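Structure record follows, encoded as structure tokens.
Chains as they are written, first to last, in this note's numbering: chain A, 30 to 271; chain B, 35 to 302.
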């Protein structure tokens, strides 16, 4: 976070540097920027675009839908942790950007006829203390859903391991990253028609400043994603890694 | 119009019994794999807390420009009460006539109110999920003659005397529900308060009961939450029944805040 730090210098002291020094600093910054551009072959992603990807800006938006259509979305993600295995602690609608920001889902709308975002998320405490999330996002077309998947499964801000194909379900992608709350989490994302599904696991017992081994969490989300509709896993495991 | 609910706990207790009957006790227990409810203690989340939704500041005084009537109370209740769209995946479930009549009969047993309500109404019984995942959620609005009357009514439910009366009544009712295949075990009634720091503070009761299958010996936790808050002379109440674990606190908080927001948009 870029919090403004209060100036601790005594008031009244001149803050302006001597002009030659300021010029030298500007030249150094320019040189640094050029070096970064050259290192990326001159065709690298501009900084502003990288920031956009980090926050989900520019990602396709979910469609709006009648509130009555949210029921099937909830039913789809509820399958991930059935039979009260986990302790459900939060649920509601989400928008595309929430996948990047990891923001909490929104509750019901005051106006009962208001169209709602076509995204739904449920969050549970797993029996081992992990924080599990399952969500579904509905886009206007399968192509738009694919485009969202490309953005959402790309390496993000924070410490992010290279994304890659998931062991399962078919055509799913894994992502291991540090979410904006500084917690490491493992995600699996998959497209089925116009829907994008995500299952995420932020392991319990994380120590600040130390990235945990996410291999178990990755196996967990891959296994749980097989319970999603149309996951098409060749076999569904009835247990997840301990 | 049916008489507004006077005793929230009775309503939810009987609703709890209804839900366990409605989804088939024997089926429920056959599918049970866990013996006791999971701990409800909050764990430290590696995720950020949800930001407060707009319009959830502290309660302002409620303007009542016209004389309260049954018709106005009823219209207010319709505007405030929960709808199926507020609970994704829910459907309107029929209420049991037997349960309804039992509630009417027993309504006075733990009531502390000195006066009858002016009017009000309740939501449909909104059910979702099946077997262990079954949930039943409903709400009610009762309009009393004054702010003081509404507060006194709610305060009694929070008192030790109210708690004791409800516990005894509940025990008696649940004993009557035990059968040759299902037994109602330990019942715990505790005060429950929900407040998100946004100014909305609701209080009430949480009933935790153990239901066991006589043959299988499996035990399932049954949770019933009854929460209410005063909005001027109105009592706005939420009831939630579920198995294995109580309804998520965040969901209860959202639904209470929703009804508060709708109350503000409606003229009492």
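Glycine residues also receive a C-beta, built at the ideal position from the N, C-alpha and C atoms.
As the structure is a computational prediction, the values presented were derived from the model and not from experiment.
| query | result |
| --- | --- |
| Put residue 271 of chain B into one of helix, strand or coil per three-state DSSP. | strand |
| Per DSSP, what kind of secondary structure is residue 86 of chain A in: helix, strand or coil? | coil |
| Between residue 218 of chain B and residue 245 of chain B, is the Cβ-Cβ spacing less than 8 Å? | yes |
| According to DSSP, is residue 168 of chain A helix, strand or coil? | coil |
| Please look up how many angstroms separate the CB atoms of residue 166 of chain B and residue 278 of chain B, rounded, as I've assumed it's under 8 Å. | 6 Å |
| Could you name the residues that DSSP lists as bridge partners for residue 225 of chain B? | B:239 |
| Taking the straight line between their C-alpha atoms, what separation do you get for residue 171 of chain B and residue 200 of chain B? | 20 Å |
| Could you spell out where the alpha helix (DSSP H) holding residue 207 of chain B opens and where it closes? | 194-211 |
| Is the beta carbon of residue 267 of chain B closer than 8 Å to that of residue 184 of chain B? | yes |
| Helix, strand or coil for residue 248 of chain A, going by three-state DSSP, please let me know. | helix |
| Please report how far the alpha carbon of residue 292 of chain B lies from the alpha carbon of residue 140 of chain A, in whole angstroms. | 9 Å |
| Taking CB distances under 8 Å as the criterion, tell me whether residue 226 of chain A reaches chain B. | no |
| Kindly indicate which residue of A:194, A:178 and A:160 has the alpha-carbon position closest to the one of residue 222 of chain A. | A:178 |
| Have a look at A:92, A:129 and A:131 and flag the residue whose alpha-carbon is nearest the alpha-carbon of residue 147 of chain A. | A:92 |
| Of the residues that make up the region 261-277 of chain B, which ones have a beta carbon closer than 9 Å to any beta carbon in chain A? | 276 and 277 |
| Just curious, the beta strand (DSSP E) that residue 151 of chain A is in, first and last residue? | 148-154 |
| So if I threshold CB-CB distances at 9 Å, which residues from the region 100-126 of chain B count as touching chain A? | 116, 117, 118, 119, 120, 121, 122, 123, 124 and 125 |
| Pull up the DSSP beta-bridge partners for residue 125 of chain B, would you. | B:161 |
| What residues from the region 150-166 of chain A come within 7 Å of chain B, judged by C-beta to C-beta, listed N to C? | 154, 158 and 160 |
| Report the neighbours of residue 295 of chain B on chain A: residues whose CB is nearer than 8 Å to its CB, in chain order. | 139 |
| So residue 157 of chain B packs on residue 115 of chain B, CB below 8 Å; how close in whole Å? | 4 Å |
| What first and last residue would you give for the beta strand (DSSP E) that runs through residue 207 of chain A? | 202-207 |
| Taking 6 Å as the limit between beta carbons, can you name the residues of its chain near residue 297 of chain B, skipping five residues before and five after? | 114 and 265 |
| Pull up the distance between the alpha-carbon of residue 220 of chain B and that of residue 206 of chain A, whole angstroms please. | 45 Å |
| Answer yes or no: does any C-beta atom of chain A fall closer than 8 Å to that of residue 285 of chain B? | yes |
| Report the neighbours of residue 96 of chain A on chain B: residues whose CB is nearer than 7 Å to its CB, in chain order. | 119 |
| In this structure, what does DSSP give as the bridge partners for residue 134 of chain A? | Answer by DSSP bridge pairing: none, since residue 134 of chain A is not bridged. |
| Is the beta carbon of residue 259 of chain B sitting closer than 8 Å to the one on residue 229 of chain B? | no |
| Taking its Cβ as the centre, do 16 or more other Cβ atoms sit within 10 Å of residue 126 of chain B, making it buried, or is it exposed? | exposed |
| In angstroms, rounded to a whole number, what distance separates the CA positions of residue 58 of chain B and residue 168 of chain B? | Only weak support exists for where residue 58 of chain B lies, its pLDDT of 34 falling under 50; the value from the coordinates is given anyway. The alpha-carbon atoms of residue 58 of chain B and residue 168 of chain B are separated by roughly 11 Å. |
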